[in-house]
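Protein chains in written order, with my numbering: chain A, -13 to 519; chain B, 44 to 379.
Taking it in order: structure first as structure tokens, then the write-up.
What follows is the structure in structure tokens.
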């Protein structure tokens, strides 16, 4: 172990030296002040963005990919693909000449091929696979995207062709394969580690085809990577990438100002103004792929009455919330997903802010002196920077229409657990950030009948909506899917299971010497394509 | 002395056993569970939740889980983190030296400044110096660590540029840890500038972490010294014509040190608690931050193992303190 670690240190030093000799200049090192420690380096096991930043987004590639800084899908390790007419068979033609990382602990003897794709997915899919239980055997994103039911089999046709056979059509399938859990691992490395009796190392000392290769991790302190010299898209402009783990946002800002890091995530809203004025910093911003909402429990009176829900929606002053809670960093949401997702129906008219009309509507619905609970999250999330404050503002708004609100708080894990219960008492503040740029990821995951008692916090099961969303999931024609989703948004607005609050804007400060960093719409941090001047 | 030591050790063992129960029960009383946290806003079905809880062994009755845990502990196995999949002992061992290094320097600062400040304040009771020390101690004790740390960073690192912002060493230096103590490892690495970088990174966090113990030690020393200085034997020593340094340093201080050593020993526990905030602010990769993360993630084995190991260390420190009493004042070990 000590020998390997010494080799790693020597390798790092030698590579830096070689890079500087060949480049004729000092190696470029970009430092990212990460907000937390990764849980591990195999993205298939985990669901946290912090972990994906440290693993899938630097070390690995997937069959398909999102074009940098966008939600547009492009070929990844698969050069092209064919979908059968019935939507059940996906045939991927794999890219040739893609090299895995050569590290002190593994030297590949072959290029990427179909065996690697089969290993990656069969490990998660097949409970009898030799690697399935290694590392605990929990593949949450694979499971929560219903992959075990969806995938019938994965077939290696030849070294450069793989076929996925599905049990039912799934329109978002290509987008699913661009997700972090679908990162492609090396089958050769897996075999080697199994034969050596050290299968755990396969996950702790990762090997991928991605633009950066793993060098070392000093727990809770620093992660080091270096550019993959033979990356198939071309070597990264920066030679070394360092994650300096810095949990406090104020300290991250100080480090950015001092030049101790180049890029940082999740700035304090209170620091944004100063960052915008700082000549050494560029404050980038982008609309987030998220929505913050207040979900009524539509299975319990009086919230089972759509007129009551619509009335309460009219009582909420969204602009005031945007100004006070989001400090202007957002847009008022009228639909259940943000405008940046295709099929957004801009023709939908939001519920107007009209307390007088709201009061009248409540009385007309036979509701007087209503007492209700509003649940406020105890944590800051990308879609809601201050749920307590938001709940207080809603409490005040509802008081004006004769509704008394009690604000309820639970610790985050408990909040998540209790808020999904079917008999939950009260409306809950929550939100969602997209996994994939597909309306299905919002409408089906959060509002379908299947999700009642789970992610569907409104406990709302409305057949006309559900039928549309289920149909859109299996139709492959994009224009037809668009039509179905637009109709679904109209129904959503009419039925009002939520009060949609806002789509937040994501801010990311970078130092001026950073070139071409792009904010990832999914909240990730991608450093391929970034340079330093 | 050996009998005295044995008597102290006998008390420690049942205490440790009690701590295993507290550590085990505490994390399970917290709402939520690791599986729900993993699922996040997406959630999961009850069946899947039950399946995962069963796979992790959390579906068994609590007493059964506790019994299995004790059996595991008896074999020296502190469990495996359900998040990182690494042995808890390995994670603790990797991070503990960082906390020790920080705590040691914090304690050095606290004792180095707190003891003399308290002594001088006692000998100059009622003076401007005395009032300054006591006011400063009160302020130091009352200041929130988070605020104090940020303030120092903004002033010394941000405005003056005298110290680095956070971390244990500049990112320019890369070497594998040998002991886990950055000052030692930086010297062993042979890299020019590494040691001074490690030292400069230690300054601010040590000051922040050492502030509360410094305040407590200063006040306790002053209080103990005042009591001792009014004793007959001190008056006799003065009357015999002994110099003030000899009276205070040899006669008074030795007796005043008993309660001060108690306080220093107790401050070890305070340091571990304070380390959590200091480590977060200064991105110091120690066990304090690790424990907080493990609690938030409901990483049961890590929390249990971490609590036990920390409790064991605190107990050992207090055992050493008890032994020191016996050395400083032989009357205590004969009485006990």
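By construction, the Cβ of each residue, glycine as well, lies at the ideal position given by its N, Cα and C atoms.
Within chain A, the residues that residue i reaches when beta carbons sit closer than 8 Å
i	result
residue 82 of chain B	33, 126, 130, 402
residue 382 of chain B	Past the boundaries of the shown model lies residue 382 of chain B; chain B is included only from 44 to 379, so the question cannot be answered.
residue 91 of chain B	129
residue 341 of chain B	399
residue 211 of chain B	207
is_contact[residue i, chain B] using C-beta, thresh 8 Å
i	result
residue 236 of chain A	yes
residue 54 of chain A	no
residue 500 of chain A	no
residue 278 of chain A	no
residue 416 of chain A	yes
residue 440 of chain A	yes
residue 406 of chain A	yes
residue 399 of chain A	yes
residue 9 of chain A	Low local confidence applies: a pLDDT of 41 at residue 9 of chain A is under 50, so the model's placement there is unreliable, with the coordinate-based value given in what follows. Taking Cβ atoms only, chain B never reaches closer than 8 Å to residue 9 of chain A, which makes this a no.
residue 17 of chain A	yes
Spatially closest choice to residue i from the options, by CA coordinates
i	options	result
residue 77 of chain A	A:151, A:268, A:165, A:480	A:151
residue 508 of chain A	A:302, A:72, A:34, A:487	A:34
residue 244 of chain A	B:197, B:350, B:283	B:197
residue 63 of chain A	A:145, A:26, A:125, A:93	A:145
residue 75 of chain B	B:366, B:340, B:344, B:364	B:340
residue 214 of chain A	A:198, A:102, A:174	A:198
residue 489 of chain A	A:268, A:311, A:300	A:311
residue 204 of chain B	B:244, B:173, B:170	B:244
residue 63 of chain B	B:353, B:85, B:212, B:262	B:353
residue 418 of chain A	A:195, A:128, A:319	A:319
residue 27 of chain A	A:20, A:17, A:11, A:44	A:44
residue 413 of chain A	A:135, A:376, A:422, A:201	A:376
Partner residues on chain B for residue i, Cβ-Cβ distance less than 8 Å
i	result
residue 396 of chain A	74
residue 431 of chain A	85
Minimum Cβ-Cβ distance from residue i to chain E less than 8 Å
i	result
residue 95 of chain B	Looking at the structure shown, chain E is missing, and the protein chains on hand are A and B.
Closer than 8 Å to chain A by CB, residue i
i	result
residue 217 of chain B	yes
residue 333 of chain B	yes
residue 323 of chain B	yes
residue 79 of chain B	yes
residue 134 of chain B	yes
residue 379 of chain B	Model confidence at residue 379 of chain B stands at a pLDDT of 48, short of 50, so the residue's coordinates are unreliable; what they give is reported in the following sentence. Not one chain A Cβ lies under 8 Å of residue 379 of chain B.
residue 231 of chain B	no
residue 194 of chain B	no
9 Å Cβ cut-off: residues of chain B touching residue i
i	result
residue 244 of chain A	200, 201, 204, 207, 208
residue 109 of chain A	By Cβ distance, chain B contributes nothing, its closest Cβ being about 15 Å from residue 109 of chain A, past 9 Å.
residue 121 of chain A	128
Within chain B, partners of residue i - CB distance below 7 Å
i	result
residue 231 of chain A	326
residue 206 of chain A	138, 328, 332, 333
Amino acids of chain A, ordered along the chain, whose beta-carbon sits closer than 7 Å to that of residue i
i	result
residue 197 of chain B	240
residue 88 of chain B	440
residue 71 of chain B	Within 7 Å Cβ-Cβ: nothing; residue 71 of chain B doesn't reach chain A, min ~13 Å.
residue 214 of chain B	17, 208, 228, 230
Residue range of the alpha helix (DSSP H) that includes residue i
i	result
residue 242 of chain A	235 to 244
residue 400 of chain A	398 to 405
residue 190 of chain B	188 to 195
residue 254 of chain A	Premise fails: residue 254 of chain A is in no alpha helix (DSSP H) and is neither H nor E.
residue 395 of chain A	Careful: residue 395 of chain A lies outside any alpha helix (DSSP H), inside the beta strand (DSSP E) at 390 to 395.
residue 80 of chain B	77 to 82
Where the beta strand (DSSP E) through residue i begins and ends
i	result
residue 497 of chain A	484 to 497
residue 205 of chain B	First-last for residue 205 of chain B: undefined, no H or E at that position.
residue 226 of chain A	226 to 231
residue 418 of chain A	413 to 419
residue 316 of chain A	316 to 318
residue 281 of chain A	276 to 281
residue 272 of chain A	267 to 273
Please give me, in chain order, every unbroken run of the beta strand (DSSP E) with length at least 3 that falls completely inside the segment 323 to 375 of chain A. As for any beta strand (DSSP E) of minimum length 3 sitting wholly inside the segment 323 to 375 of chain A, the runs are 357 to 362, ordered along the chain.
Which ranges would you report for the beta strand (DSSP E) in the segment 17 to 80 of chain A if only whole runs of at least 3 residues count? Fully enclosed beta strand (DSSP E) runs of 3 or longer: 50 to 52, 59 to 61, 64 to 69, 75 to 80.
Suppose only complete runs of 4+ residues qualify. What are the alpha helix (DSSP H) ranges in the segment 428 to 476 of chain A, listed by chain order? Given a length threshold of 4 residues, each whole run of the alpha helix (DSSP H) inside the segment 428 to 476 of chain A is given here in chain order: 449 to 460.
If we require 4 or more residues per run, which alpha helix (DSSP H) segments fall completely within the segment 170 to 211 of chain A? Segments of the alpha helix (DSSP H) lying fully in the segment 170 to 211 of chain A: 173 to 181, 187 to 190.
For a minimum of 4 consecutive residues, which ranges assigned as the alpha helix (DSSP H) are wholly contained in the segment 99 to 153 of chain B? You should have 105 to 117.
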